[in-house]
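S.K.: Residue numbers (the numbering used here): 259 to 620. Every residue gets a Cβ at the ideal spot worked out from N, C-alpha and C, and that includes glycine. Just so it is clear, the structure is predicted and the values come from calculations on it, not from any experiment.
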């Protein structure tokens, strides 16, 4: 038996198929992964993401510390409630984790880190914080639900306290608010609009059931994966890890190299840019029958080889798509070795789908 989120019993009540995910008992689907995927693209779905770790940082040097710790620059966050996405790097530029950082008030920030890497993240953050006037507090007393889809914000707001609804609906993308003990952020991992809501553990089951009662579809890890893949969003441990840098993972936009700020991994990234980044992360659309899966070999004629990092059947596009790390010189056509057969694939720039719209030429 693995760790259980505060919503475990709610999942079991709905006959979810439970699987082990990084040591957590999590729902992979509630009957049909494809139906859950379509519910998010067309209406609204809710995900239990309480296995992820909330970490609060407080202190006079909290900003200074995060400017050292993260590749993106939290000094860009000028207004309380604003958030940004960033990687946390090793000295050699390898990605320890990707996370969201929220600016709450002067000297107060909140991070949300991945479940699989959470313990290692906390150990790393603890070591790096030595010498800074900052406290680091893992918030195991909090749960997280993600409500995603074109109707997600409207439906989720209906389940918030009345005093919080109007302000929640006015939040901009990557904005957050704290009201009635709940932390509501307009962020997500599906390519659709919606909220990620952090709340006390005691409130989670009631909030979940209220959402389901008004027609928000409960969704599992299976749909979450196909949705994020269609949206071209990286999954830690597949599309990036400590062996690659953000520049090799399609995440150059999350790195703030300008100015004199020195962050962990900056020198390594500058050296990589000077030498030339040899690999890039691209989108693939398989031409013909088959399914792209992680670790399949990608052959680039006249250039070299790469590897599929994530792949699946796309319910929205009704064909196989994937992300792959390939030589920088790769063009718009490659071949993928699928069980000994070389199948043609087209190289595209993700996302494949965003806000319900197909973003590539089929």
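(1) Rank 449, 419, 450, 447 by C-alpha distance to the C-alpha of residue 675 and give the top, closest one.
(2) Among 525, 305, 405, 391, which one has its Cα closest to the Cα of residue 323?
(3) With distances taken from CA atoms, which of 401, 594, 406, 369 is nearest residue 393?
(4) Can you give me the Cβ contacts of residue 350 inside the same chain, cut-off strictly under 6 Å, excluding the 5 residues immediately before and after it?
(5) For residue 514, which residues from the same chain have a beta carbon less than 6 Å from its beta carbon, with the 5 sequence-adjacent residues on both sides left out?
(6) Here's the rule I'm using: 16 or more other beta-carbon atoms within 10 Å means buried, otherwise exposed. How should residue 559 be labelled?
(7) Taking three-plus beta-carbon pairs below 8 Å as touching, is the stretch 446 to 459 in contact with the stretch 400 to 408?
(8) Residues in the same chain with beta-carbon distance under 7 Å from residue 292, minus the five sequence neighbours each way, listed in chain order, please.
(9) Pull up the distance between the alpha-carbon of residue 216 and that of residue 363, whole angstroms please.
(10) For the stretch 542 to 549 and the stretch 475 to 489, state whether three or more C-beta atom pairs, one from each stretch, are separated by less than 8 Å.
(11) From which residue to which residue does the alpha helix (DSSP H) around residue 292 run?
(12) Check whether the Cβ of residue 564 lies closer than 8 Å to any Cβ atom in chain B.
(13) By how many angstroms is the C-alpha of residue 565 removed from the C-alpha of residue 553?
(14) For residue 560, write down the residues that DSSP places opposite it in a beta bridge.
(15) List the endpoints of the continuous beta strand (DSSP E) containing residue 303.
(16) With distance defined between alpha-carbon atoms, name the residue in 487, 338, 383 nearest to residue 313.
(17) Buried or exposed: which applies to residue 480, given that a residue is buried once 16 or more other Cβ atoms fall within 10 Å of its Cβ?
(18) Any idea what DSSP makes of residue 459, helix, strand or coil?
(19) Going by beta-carbon coordinates alone, are residue 359 and residue 341 separated by less than 8 Å?
(20) Tell me whether residue 436 sits in a helix, a strand or coil according to DSSP, three-state version.
(21) With respect to the beta strand (DSSP E) encompassing residue 282, which residues constitute its N-terminal and C-terminal limits?
(22) If you check the beta carbons only, do residue 308 and residue 265 fall under 8 Å apart?
(23) Per DSSP, what kind of secondary structure is residue 452 in: helix, strand or coil?
(24) Could you tell me if residue 609 is buried or exposed, where buried requires 16 or more neighbouring beta carbons within 10 angstroms of its beta carbon?
(25) Which class does residue 528 belong to by DSSP, given the choice of helix, strand or coil?
(26) Within this structure, are the beta carbons of residue 443 and residue 428 separated by less than 8 Å?
(27) Going by other Cβ atoms of all chains shown within 10 Å of its Cβ, with 16 needed for buried, is residue 259 buried or exposed?
(28) At 4 residues or longer, what runs of the alpha helix (DSSP H) sit wholly inside the stretch 465 to 509?
M.R.: The short version:
(1) Outside the displayed range of the chain (259 to 620) lies residue 675, so it cannot be described from this structure.
(2) Your numbering for residue 323 matches position 65 in the chain shown. Scanning 525, 305, 405, 391 for the CA closest to the CA of residue 323 turns up 391.
(3) Numbered from 1 along the chain shown, position 135 holds the residue referred to as residue 393. It is 369 whose Cα lies nearest to the Cα of residue 393.
(4) Reading the chain shown from its first residue, position 92 is the one you call residue 350. Closer than 6 Å at the Cβ level, and outside the excluded window around residue 350, lie 526.
(5) Walking along the chain shown from the start, residue 514 turns up at place 256. Here residue 514 has 330, 331 as same chain residues with Cβ atoms under 6 Å from its own Cβ, once five neighbours each way along the sequence are excluded.
(6) In the chain shown, residue 559 corresponds to position 301, counting from 1. Exposed is the call here.
(7) By the Cβ rule, the stretch 446 to 459 counts as touching the stretch 400 to 408, because three or more pairs are nearer than 8 Å.
(8) Taking the chain shown and counting its residues from 1, the one referred to as residue 292 is at position 34. Only 573 meet the Cβ criterion.
(9) Because the chain here runs from 259 to 620, residue 216 falls outside it and cannot be looked at.
(10) With the rule of 3 Cβ pairs closer than 8 Å, the stretch 542 to 549 does not count as touching the stretch 475 to 489.
(11) The residue you call residue 292 lines up with position 34 of the chain shown. Start and end: 291 to 300.
(12) The structure shown contains no chain B; it is built from a single protein chain.
(13) By 1-based counting over the chain shown, the position of residue 553 is 295. By 1-based counting over the chain shown, the position of residue 565 is 307. Distance between the alpha carbons of residue 553 and residue 565: 6 Å.
(14) Translated into the one-based positions of the chain shown, residue 560 becomes position 302. According to DSSP, residue 560 bridges with nothing at all.
(15) Taking the chain shown and counting its residues from 1, the one referred to as residue 303 is at position 45. From DSSP, the beta strand (DSSP E) with residue 303 extends over 303 to 306.
(16) Taking the chain shown and counting its residues from 1, one reaches residue 313 at position 55. For the residues 487, 338, 383, the minimum Cα distance to residue 313 belongs to 383.
(17) Counting from 1 along the chain shown, the entry for residue 480 is found at position 222. The residue in question, residue 480, is buried, as its Cβ has 16 or more Cβ neighbours within 10 Å.
(18) Position 201 of the chain shown, counting from 1, holds the residue named residue 459. Note: residue 459 maps to helix in three-state DSSP.
(19) Along the chain shown, read from residue 1 onward, the residue named residue 359 stands at position 101. Along the chain shown, read from residue 1 onward, the residue named residue 341 stands at position 83. A contact, by the Cβ cut-off of 8 Å.
(20) Reading the chain shown from its first residue, position 178 is the one you call residue 436. Strand.
(21) Stepping through the chain shown from its first residue, residue 282 is reached at position 24. Per DSSP, the continuous beta strand (DSSP E) segment holding residue 282 begins and ends at 282 to 287.
(22) One-based indexing of the chain shown puts residue 308 at position 50. One-based indexing of the chain shown puts residue 265 at position 7. Yes, Cβ-Cβ distance for residue 308 and residue 265 is below 8 Å.
(23) Indexing the chain shown from 1 puts residue 452 at position 194. Looking at residue 452 - three-state DSSP - the assignment turns out to be strand.
(24) To locate residue 609, count along the chain shown from 1; it is residue 351. With 16 or more Cβ atoms within 10 Å of its Cβ, residue 609 is classed as buried.
(25) In the chain shown, counting from the first residue as 1, residue 528 sits at position 270. In this structure, residue 528 counts as helix in the three-state DSSP scheme.
(26) Counted from its first residue, the chain shown places residue 443 at position 185. Counted from its first residue, the chain shown places residue 428 at position 170. Not closer than 8 Å, so no.
(27) As a first step, residue 259 must be located in the chain shown, where it is residue number 1. Classification of residue 259: exposed, given that the 10 Å Cβ count is below 16.
(28) DSSP assignment within the stretch 465 to 509 yields the following whole alpha helix (DSSP H) runs of 4 residues or more, N-terminal first: 479 to 488.
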